[in-house]
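Residue 204 in this note's numbering sits at position 204 of the sequence shown, with consecutive numbering throughout. Beta carbons: idealized from backbone N, C-alpha and C, even for Gly.
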Amino acid sequence: MSSPDTPLDISSYSRYAARMLASRPALAEALPALAEHPVDARWLARRFEIITGTLLSPPEQPSGVCGVDEAGLARALRVLRVEALCAVMQRDLDARAELSEVTEAMTALAEFAVQAGITVLSRELEAIHGVPRNAEGERQTLGVVGMGKLGGRELNVSSDIDLIFLYEDDGDTTAPDNVDPAAANRLRLLSNHEFFTKLGRKLIGLISELTPDGYVFRVDMRLRPNGDSGPLVCSLPMLEEYFYVQGREWERYAWIKGRLVSEVASEPGKRIERLLTSLVQPFVFRRYLDYGVIGAIRSLHEQIRHEAERRARAKPARINDIKLGRGGIREVEFSAQVFQLIRGGQEPELRVRPTLAVLGVAARRGWLAQNVAEELANAYVFLRKLEHRIQYLDDAQTHILPSPGEDRLAVARAMGFPDEASFMTVLDEHREFVAGQFDEIFADKAGGGGHKGSKGRTNASGTGDCECPPELWSECLADEAQTGDLGNQLTRLGFNDAEGALDRLRAVWTSSRYKALGETSRRRFDQLVQRAVEGAAGTDEADAVLARMLDLLSTISRRSSYLALLTEYPRALERVVKVLAGSRWAAGYLISHPQLLDELLDDEALAAPFDWPSFKTQLLLSLNAAGAAGNVEVQMDILRRAHHAEVFRILLLDLQGTLSVEAIGDRLSELADIIVDVTISTVWPHVATRHREVPRFSVIAYGKLGGKELGYASDLDLIFLYEDDDDRAPDAYAALARRFVTWLTTHTGAGMLFDVDLRLRPNGLSGLLVTNIESFRQYQFREGNANTAWVWEHQALTRARFCAGDETIGATFESIRAQVLATPREALPLAQEIVAMRRKVLEGHPNPTKLFDLKHDRGGMVDIEFTVQYLVLLHSGAHSALLRNAGNIALLREAAQLGLIDAKLAEDAGAAYRIYRKRQHKMRLDGVEAARVPAADIETERAAVMALWDSVFAQAGTV
């Protein structure tokens, strides 16, 4: 390759360029100037004006404005194509153009040709047949969708263009505005379908017919609905019906890159673009994670590869197909598209068209390792540049690497290599990497798709050989005579309640839901049930795990994507079994949110440390991405999916035993803080009465969230504060608070976020939803004529903290909190108040059993919490260290170090609190609502807590 300072004589490399420059001496002379700047839309318009001596104008303007007719346009476009291709070739081979410049140039040429053709041809047809209009009398235009590389703005230098012709709706042509009656009577009016069919045929001929000046692009219309057997043009209602009734999987892949290449600046163009987007997005991008596409793409690619191999056998020179062969361009494209098809329905930022852009998103979101994405991108750029150099030779639409010899050596040198050998070494490295990555994504990981594996294969619990007898999931279930034999088989597998397990299997086998499954889904379901039996048999609670597994499979059975995920990724199925075996609550959470199955695939994410700033940044990007910004339903689902995924990640680490109870509370609280903060900033633009860009509004957390002890199913105790003198502020912030609560509590298709409790706000349920910060201060300090805070509200304040929103207001709140807690109090009245409140709490949570309630019974967690709150309220004025919202154990330790309580009592009570929390946590995971245990199990801990209580409150009476 030459350097920009020494331009290459492209005629010495390209036989096509040699012919063109030899037959066009003026072009040869002008080429250096033509190649001085990139070929783009402005370059094309300028050259077209020079070639034709005229400018194009929209069809609705008077015909005299445009001086070029169909024949003149056909010649001008062909001349323009030769000039553009030679200029692109010169810049590319001189290393002045990156791949993106080359593909953008060819895309711009195709768009210019289509739009120029519609402009001129529409004007000529309208003069004969009138203007196409819909039922409302609005002008209609031909919508031309560019598919494939044209749609993705990735057109290669000798590519054909895949087009689909659309129009908005049925109707008829009418006389143009301001036309005289005589001229109107001469018009041969048509239906819109007839008009646009004529226009489409003319456009194809204009662009693709071979004339003495050549052609512009070959046109392929086979991607239209029903292919060659379908009408040349179709209305948008017809397209919608086709998608719904007949749309096939491969058409979803094709429409990923579909894009209007006709003009979209006019009102008709804008309408058709808007309507088309609303039809295509739900067809291409499923609302749920769609792992079913893996098998479908694998099957499609096998057909493509087999066809390429068949052609290679017929013509051995085709064995080096860099597009369709192993490790070729198509495999890179499929490796990128799979992320779009699986996740594009939930991740709007994946709804981009260029392959390199998709790889970038996948790497940034962590779905594809950064180094893998970079290697795929490098391979793609290399292969696409090679594709162009092959096509430059003869302007042929080929992807076959020339056989060893003069042409291959020329291609190698044009790629920057000194010889064939070094070139082939790098090419083979790229192809091997691409093929390996493609195989890793699309390999049939379930072992050929059949259930019966080789001997000794690992079962779904990951514990080794334990194969399910085929009779346990077969017609035998419907035969009562087989019950005994089937039960014995289950017993041998390790099921204690074989009869119950058999009843569950039989119930699923005979269910209407199972019978309604399609062929593919039923095949996958059958395989998963058998592996579920195997997986459950390898656990300590085989009966419970099988029941949970069958519940999960029944829940996901109508979502073929989830069935596909578990069959495509046996490792995910192993993890499902472990989750179901580890916790009843976790099993219920997964069954309620089956989209979380996707999280079981990512080993790196599970092992990675929590990076909340990055999580928040990515969440905000997703909420503000194209397709999500301003769409309440989409944004609410994005928040829910993000929250559920992180909760599930914490849960998986919990079940592995890698997080303490305290760490779990911290992580869940940190996550909730981010969700609350992001929700506030996302909701505010939807508030119609907002009066400023950024709200002067804060959320204060109390209770479990305030104390950073949040559990998996905890609600949020919140209050809302604002500081804003604008007269509109109270109403605006009340509207914000209401919307915020709705966003957190509403059940959508993606579930819900949190229940919210607002009873701790000033004056409780009778108080205002939002409170001015100064009013809050007066309420807490019992100033003015308004109602004032009770002691129990100051108790609650010990566990309160700024959570989200305006940090200045948050700092003011923290200052008020410190002042309130440090206010001097008399010991005896305070102790009596707290003992009385403890009595009320006990009465409000009666325990009719002989078991000990870890939280509410005397000697339980509430006693420790009330003791700490008393110490904070009594001694914070003298000991500011107690103002820290550091948790009950840390504050007990601090009080002991300050000499306020006995150190041994503090240590024992703190140890008891830790044990209580751990046992409560485990019981909640096991699905136990009330955490109650045999009293004998915690005699030591209960005695320690009562000793601390008696020491602190002896003078205040008993509960």
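- Of the residues assessed, Arg932 falls on the buried side of the cut-off, its CB having 16 or more other CB atoms within 10 angstroms.
- Within the region 169-238, the beta strand (DSSP E) runs of at least 3 residues that lie entirely inside it are, in chain order, 172-174 and 233-235.
- CA-CA distance, Glu251 to Gly230, rounds to 15 Å.
- Bounds of the beta strand (DSSP E) holding Cys803 are Arg801 to Gly805.
- Under the three-state reduction of DSSP, Arg15 is assigned to helix.
- When only Cα atoms are considered, Asp677 and Leu620 end up about 11 Å apart.
- With contacts defined by Cβ atoms closer than 8 Å, Leu93 and Ala414 form a contacting pair.
- Judged by their CB atoms, Val545 and Leu490 are not nearer to each other than the 8 Å cut-off.
- Taking all protein chains shown into account, His430 has 16 or more neighbouring C-beta atoms within 10 Å of its C-beta and is therefore buried.
- Judged by DSSP secondary structure, Phe165 falls within the beta strand (DSSP E) whose first and last residues are Ile161 to Tyr167.
- Leu99 and Glu574 have their C-alpha atoms spaced approximately 44 Å apart.
- DSSP places Gly751 within a strand segment (E or B) once states are collapsed to three.
- Assignment of Gly117 by DSSP, reduced to helix, strand and coil, places it in the helix class.
- Here Tyr16 has Asp394 and Asp395 as same chain residues with Cβ atoms under 6 Å from its own Cβ, once five neighbours each way along the sequence are excluded.
- As the crow flies, the alpha-carbon of Val245 is around 10 Å from that of Leu239.
- Per the C-alpha coordinates, the member of Leu596, Thr658 and Ser592 positioned closest to Ala608 is Thr658.
- Where Ile889 is concerned, the enclosing alpha helix (DSSP H) starts and stops at Asn888 to Gln897.
- Between Leu716 and Ala701, the CB-CB gap stays under 8 Å.
- Around the C-beta of Val694, fewer than 16 other C-beta atoms lie within 10 Å, and the residue is accordingly described as exposed.
- Looking from the CA of Arg222, the closest CA among Val533, Gly146 and Leu368 belongs to Gly146.
- For Leu142, no alpha helix (DSSP H) run applies, since DSSP gives it neither H nor E.
- Per DSSP, the unbroken alpha helix (DSSP H) holding Val579 starts and ends at Pro570 to Gly582.
- Contact annotation: Ile938 and Tyr913 have beta-carbon atoms that are not nearer than 8 Å.
- In the DSSP assignment, Leu718 falls within the unbroken beta strand (DSSP E) covering Leu716 to Tyr722.
- Nearest to Arg738 by alpha-carbon distance, out of Glu865, Val683 and Gly711, is Val683.
- Distance from the CA of Ser557 to the CA of Cys468, rounded to the nearest whole angstrom, comes to 20 Å.
- Under the rule that a run must span 4 or more residues, the alpha helix (DSSP H) segments found entirely inside the region 586-620 read 603-607.
- With respect to the C-alpha of Ala831, the residue from Ala947, Lys922, Gln635 and Trp792 having the closest C-alpha is Trp792.
- By the Cβ criterion, the region 858-874 is in contact with the region 944-952, since at least three pairs of Cβ atoms, one from each stretch, lie closer than 8 Å.
- Put simply, the region 580-597 touches the region 641-652. At least three CB pairs are less than 8 Å apart.
- Counting the other CB atoms within 10 Å of its CB gives Asn178 a total below 16, which places it among the exposed residues.
- In the three-state reduction of the DSSP assignment, Pro132 falls in the strand class.
- Assignment of Phe442 by DSSP, reduced to helix, strand and coil, places it in the helix class.
- Distance between Glu783 and Gly899, taken at the CA atoms: about 34 Å.
- Comparing alpha carbon positions, the residue from Val120, Arg365 and Arg81 closest to Thr107 is Arg81.
- A residue is called buried once 16 or more other Cβ atoms fall within 10 Å of its Cβ, and Arg224 is buried on that count.
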